[in-house]
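Below is one structure, written out as structure tokens; the observations come after it.
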Amino acid sequence: MTEAAQQFITPLTLQVLSKNPVHTSVMSEDRPDVVNHIELGKQTDLFLVAPASADTIARLSHGHANDIVCAVALALPAHVIKMIAPAMNTNMYEHPLTQTNLNTLKTIGYQEIEPKTSLLACGDLGKGALATVDDIVQIVQDALLDIT
């Protein structure tokens, strides 16, 4: 989880709901015999960032590794399926820099799960709302079926 994600839901809540460990720091090493973000990358079949903010998209597209999400992304083996589901204000989503960053990610193998047009948290109506959970789950399931 990024720091921003932790403002919406606590790591403990996510851990209880998912019944999986939640990683919050690139520098936190639970086991002395492995480098956490490298090991997480090795264990990954599909890497999904949802919701993906404009900031996270920018950091991913520029190869930053200053949080656990971006560090794991850089450590992913080439064969891992990579997906990103943007969620932000319409103007932020449509901004040329955000679109350039998304295109950069697409050129290195990320699949965008496009945001939907909806009433946004800011009160605007437009494209930028996170795709529905059902749509995201279906896309992920389809991708996983393709690799089995």
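Be aware that the sequence shown starts at 1, since it is given in full-length UniProt numbering, and climbs by one per residue.
Backbone N, C-alpha and C define an ideal beta-carbon position, used for all residues, glycine too.
Residue i to residue j span [Cα, whole Å]
i           : j           : result
residue 71  : residue 64  : 7 Å
residue 56  : residue 128 : 15 Å
residue 76  : residue 59  : 15 Å
residue 95  : residue 74  : 25 Å
residue 120 : residue 114 : 15 Å
residue 87  : residue 25  : 23 Å
residue 28  : residue 107 : 31 Å
residue 42  : residue 23  : 15 Å
residue 142 : residue 134 : 12 Å
residue 8   : residue 147 : 33 Å
residue 3   : residue 145 : 32 Å
residue 17  : residue 1   : 14 Å
residue 136 : residue 130 : 9 Å
residue 21  : residue 40  : 11 Å
Where the beta strand (DSSP E) through residue i begins and ends
i           : result
residue 9   : Neither: residue 9 is in no beta strand (DSSP E) and is coded neither H nor E.
residue 86  : 81-86
residue 112 : 110-112
residue 2   : Residue 2 -> no beta strand (DSSP E), and no H or E assigned at all.
residue 56  : Note, residue 56: premise wrong, no beta strand (DSSP E); alpha helix (DSSP H) at 54-61.
residue 131 : That residue, residue 131, is in no beta strand (DSSP E); it is neither H nor E in DSSP.
Rounded distance between the beta-carbons of residue j and residue i, thought under 8 Å
i           : j           : result
residue 61  : residue 104 : 4 Å
residue 126 : residue 117 : 6 Å
residue 5   : residue 50  : Not a contact, Cβ separation roughly 10 Å.
residue 92  : residue 100 : Between residue 100 and residue 92 the Cβ distance is about 13 Å, and since that is not below 8 Å, they are no contact.
Cβ neighbours of residue i in the same chain (closer than 6 Å, five flanking residues each side left out)
i           : result
residue 111 : 83
Endpoints, the alpha helix (DSSP H) within which residue i is located
i           : result
residue 41  : 36-42
residue 26  : Here residue 26 belongs to no alpha helix (DSSP H), and DSSP marks it neither H nor E.
residue 96  : 96-107
residue 120 : No alpha helix (DSSP H) holds residue 120; DSSP gives it neither H nor E.
Residues near residue i in its chain [Cβ-Cβ closer than 7 Å; skip 5 each side]
i           : result
residue 122 : 89
residue 152 : In this structure the chain extends from 1 to 148, so residue 152 is not present and cannot be described.
residue 159 : No answer is possible for residue 159: the residues shown for the chain start at 1 and end at 148.
residue 124 : 89 and 90
Own chain partners of residue i with C-beta closer than 8 Å, once the 5 adjacent residues on each side are dropped
i           : result
residue 140 : 46, 48 and 83
*Cβ pair count under 8 Å reaching 3, the segment 73-82 against the segment 13-28*: No, the segment 73-82 does not touch the segment 13-28.
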